[in-house]
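Structure first, then comments.
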Amino acid sequence: MGVVNEIPRIQLNDGRSIPQLGLGVYKVADAAAGELVQSAIEAGYRHIDTATLYRNERGVGAGMRASGVPREELFVTTKVWNDDQGRDRTLRAFDESIGLLGLDYIDLYLIHWPAPTQDRYVETWHALEELKASGRVRSIGVSNFEPHHLERLAAESETVPVVNQVELHPWLSQRAVREYGAEHGIVTEAWSPLARGRVLDDAVLAALAERYERTPAQVVLRWHLQLGNVVIPKSSSIERVRENADVFGFELDDDAMQRIAGLESGDRTGLHPDQHG
Ligand SMILES: NC(=O)c1ccc[n+]([C@@H]2O[C@H](COP(=O)([O-])OP(=O)(O)OC[C@H]3O[C@@H](n4cnc5c(N)ncnc54)[C@H](OP(=O)(O)O)[C@@H]3O)[C@@H](O)[C@H]2O)c1
Numbered sequence: 027m028g029v030v031n032e033i034p035r036i037q038l039n040d041g042r043s044i045p046q047l048g049l050g051v052y053k054v055a056d057a058a059a060g061e062l063v064q065s066a067i068e069a070g071y072r073h074i075d076t077a078t079l080y081r082n083e084r085g086v087g088a089g090m091r092a093s094g095v096p097r098e099e100l101f102v103t104t105k106v107w108n109d110d111q112g113r114d115r116t117l118r119a120f121d122e123s124i125g126l127l128g129l130d131y132i133d134l135y136l137i138h139w140p141a142p143t144q145d146r147y148v149e150t151w152h153a154l155e156e157l158k159a160s161g162r163v164r165s166i167g168v169s170n171f172e173p174h175h176l177e178r179l180a181a182e183s184e185t186v187p188v189v190n191q192v193e194l195h196p197w198l199s200q201r202a203v204r205e206y207g208a209e210h211g212i213v214t215e216a217w218s219p220l221a222r223g224r225v226l227d228d229a230v231l232a233a234l235a236e237r238y239e240r241t242p243a244q245v246v247l248r249w250h251l252q253l254g255n256v257v258i259p260k261s262s263s264i265e266r267v268r269e270n271a272d273v274f275g276f277e278l279d280d281d282a283m284q285r286i287a288g289l290e291s292g293d294r295t296g297l298h299p300d301q302h303g
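The sequence shown begins at 27 in the numbering used here and counts up by one.
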C-alpha cells in the first residue's frame, strides 16, 4: 500500500520536522524488532519510537538498515531511562543507545520521565543540550512532562523541548498539556494512542467505524491526527501496522470529533508523571 508520500511532517521549533505518524515498539522483542521495523518501513512508515527501556534498539537499527531506505529519510526516537538521569550517566546511556542502534546520529532524544523525586531532570536536560550541540542528536525533547515541569525547564535552560510525548487517547485527551504545548511551540506526541487497545471495544467507536467504513483503531488515529498530535501506535502484527497507517484517506466531521471527545474519563494505562520514579 502506498502511504509513503501521505504521512505529513510536523514542523518542530528547532527548524526540523517529524513524521506525524510513527511505529511504537514498546514490548516488541529485540529479536522481532528488525523484521517488524523493516516491514513497517516498506509499508511507508518513516518514524520509529523506541527507548533504552524497551531493550530493542539493536533490532530497530538493524531493521532500519535492512529496509534500504536512506538514513536521512528515516526518523528514530530513543529515550534516556530514569536510572540514567544526571549528566554523566545520560551521556553514557546515549553512547550505549547510539551504539546499539548502529547509527551516526539520532533524530530525537527524550527524557523518558521527569522522575521528580530524583530531581535530576534539569541536569539531564543540560546533558541533552550538550548532545544536540555535538550533532549526534538532531532534536531534543521530553516525555511525560506536566506543564509545571516544563515551566522549570523554561526557567533554568535556554532550549525549549521540541516535543512532549505523553499518554493521550480518547479517555485522556490531555487538554492542559496540549494547550501548554501549543502556546510554547512544543509538539504533543501521543503514547498509548489506542489506550493499549483497550478503548477499541467502545460502542461509540464501533458506530463511527461503521459510519466511515474504517476500523475503530483507524477512527481513533484519525482523531489524533485532526487534533494535531504526533501519534505512534504499536502493533506486532504487520497487518495491523499497515492498517494503522492507512488513515490519510478520510476525515472525521465535527460531530465525530465531539463524540470521541465525549469518551473522556481521565483513565490512564500508566502512572501519573508526578508518581513515576
Ligand atoms: N514515553 C512513554 O512513557 C511511553 C509509554 C508507553 C508507550 N510509549 C510509546 O508509545 C507506543 C504506543 O503505545 P503502546 O504500545 O503503549 O499502546 P498502543 O499503541 O495504544 O496500543 C498497542 C496495543 O493495541 C493493539 N493494536 C494496535 N493496533 C491495533 C489495531 N489496528 N487493531 C486492534 N488492536 C491494535 C496492539 O496489539 P498487537 O501488537 O497484537 O497488534 C497492542 O496490544 C509504544 O510502543 C511506545 O513506543 C511511550
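Think of the CB as a built atom: it goes at the ideal place given N, C-alpha and C, for glycine as much as any other residue.
Measure the alpha-carbon distance for VAL163 versus GLU236 and round it to whole angstroms.
In a straight line, the C-alpha of VAL163 is about 43 Å away from that of GLU236.
Considering only the alpha carbon of each residue, which of GLU193, THR78, LEU194, ARG268 lies closest to GLU68?
Nearest of GLU193, THR78, LEU194, ARG268 to GLU68, Cα basis: ARG268.
List the residues that DSSP assigns as beta-bridge partners of GLN37.
SER43, per the DSSP bridge assignment.
Whose CA, out of GLU184, TYR71, TRP151, LEU278, lies closest to the CA of ARG171?
According to the sequence shown, residue 171 is Phe rather than Arg. Checked all of GLU184, TYR71, TRP151, LEU278; the closest Cα to PHE171 is TRP151.
Assuming VAL63 and VAL86 form a contact by the criterion Cβ under 8 Å, report the distance between their Cβ atoms to the nearest whole angstrom.
Contact flag correct, Cβ pair sits at about 5 Å.
Excluding five sequence neighbours on each side, which residues of the same chain lie with their C-beta closer than 6 Å to the C-beta of PHE274?
Excluding sequence neighbours, PHE274 sits near GLU32.
For GLN301, does the count of other Cβ atoms within 10 angstroms reach 16, so buried, or fall short, so exposed?
When all chains shown are included, GLN301 counts as exposed.
Work out the CA separation of ASP114 and VAL257 for me, nearest whole Å.
Between VAL257 and ASP114, the C-alpha separation is close to 31 Å.
Terminal residues of the continuous beta strand (DSSP E) containing ALA77?
Here ALA77 belongs to no beta strand (DSSP E), and DSSP marks it neither H nor E.
So, at 6 Å on beta carbons, what are the nonlocal neighbours of GLY25 in its own chain, with the 5 sequence-adjacent residues on each side left out?
Only positions 27 to 303 of the chain appear in the structure, and residue 25 is not among them; the question remains open.
How many angstroms separate the CA atom of LEU154 from the CA atom of TYR135?
Cα-Cα distance, rounded: 7 Å.
Would you mind sorting LEU127 into buried or exposed? The rule is 16 or more other CB atoms within 10 Å of its CB.
That one is buried.
Along the chain, where does the beta strand (DSSP E) containing LEU136 start, and where does it finish?
Segment 132-137, the beta strand (DSSP E) holding LEU136.
Cβ of ARG118 versus every heavy atom of ligand 1: is any distance shorter than 6 Å?
Checking every heavy atom of ligand 1 against the Cβ of ARG118, none is found closer than 6 Å.
Can you say whether GLU83 is buried or exposed, counting buried as having 16 or more other CB atoms within 10 angstroms of its CB?
Classification of GLU83: buried, given that the 10 Å Cβ count is 16 or more.
Using 8 Å as the cut-off, can you tell me whether the segment 184-199 makes contact with the segment 287-300, which would need three or more C-beta pairs spanning the two stretches below that distance?
Contact between the segment 184-199 and the segment 287-300 is present, because at least three Cβ pairs lie under 8 Å.
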